[in-house]
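Trainee: Please see the structure below; I have some questions.
Residue numbers (the numbering used here): -19 to 221.
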């Protein structure tokens, strides 16, 4: 895909890798609809990136609001070429200490939100004469389970299964589907996780965005349906031995 003049949707766009995706796309002359709950962060990003970034204050767990926004924004003459399902939340606790609110929040944002938006965007992509691309941001936690993040694991394993089925369902409609499994990234995702601190050996947001740029720019008949990214040395260099 040639990114110039393309239309992209990015969820979780106001911070972290979502903001970096938006920056990368705008720098490559795409128009970006950036969805997030924080109006203030979206406004700041608009000021930083300019008019090609279109801020959309949106809770992706609100299926009705998403449907109204898609219907009022896109039509046969204005179709999305790329969708990056990036929004996510993470809580850490043993299974017997995980609250119902935490479970439902992770399932609703990390999994249901992807379905709510994707089901609305796919018909538009099917009508698009260009090859389109859906990129679902899972996590290394979508490949391997670990103690204290069983709920997060469940949501991210779900993203992998959804992506695998979707890739096989849509490949003959000219729609690529890629599931991305990043390891630890230096973002604010870990703020709610006890005992985990950001450190210099975590991957940078630009590491992820440059990889996503590569995925989007592959030849039309070339698909990488899954990709895993990790720091070579994941240990905190400042931690005591």
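Don't be surprised by glycine CBs; every beta carbon is placed ideally from N, CA and C. Treat the numbers as computed from the prediction; the structure is a model and nothing was measured.
On the DSSP bridge list, what partners appear for residue -9?
Mentor: In the DSSP output, where bridge partners are listed per residue, residue -9 has 15.
Trainee: Based on DSSP bridge pairs, tell me the residues matched to residue 209.
Mentor: 162, per the DSSP bridge assignment.
Trainee: Mind checking who residue 35 pairs with in its DSSP beta bridge?
Mentor: In the DSSP output, where bridge partners are listed per residue, residue 35 has 14.
Trainee: Considering Cα atoms alone, identify which of 97, 63, -12 and 186 is closest to residue 48.
Mentor: Of 97, 63, -12 and 186, the residue nearest in Cα terms is 97.
Trainee: Can you tell me the Cα-Cα spacing of residue 161 and residue 57, whole angstroms?
Mentor: Answer to the nearest angstrom: the Cα atoms are 33 Å apart.
Trainee: Look at the alpha carbon of residue 179 and the alpha carbon of residue 108, and state the distance between them as a whole number of angstroms.
Mentor: Spanning the two alpha carbons is a distance of roughly 43 Å.
Trainee: Rounded to the nearest angstrom, what separates residue 22 and residue -9 at their Cα positions?
Mentor: Distance between the alpha carbons of residue 22 and residue -9 is about 11 Å.
Trainee: For residue 152, tell me which candidate among 191, 106 and 84 has the shortest Cα-Cα distance.
Mentor: Of the candidates 191, 106 and 84, the one whose C-alpha sits nearest the C-alpha of residue 152 is 106.
Trainee: For residue 62, name the three-state secondary structure that DSSP assigns.
Mentor: If DSSP states are grouped into helix, strand and coil, residue 62 belongs with the strands.
Trainee: State yes or no: is the C-beta of residue 59 within less than 7 Å of the C-beta of residue 100?
Mentor: No, Cβ-Cβ distance for residue 59 and residue 100 is not below 7 Å.
Trainee: Go ahead and label residue -1 buried or exposed: buried means 16 or more other beta carbons lie within 10 angstroms of its beta carbon, across all protein chains shown.
Mentor: Buried, because 16 or more other Cβ atoms sit within 10 Å of the Cβ of residue -1.
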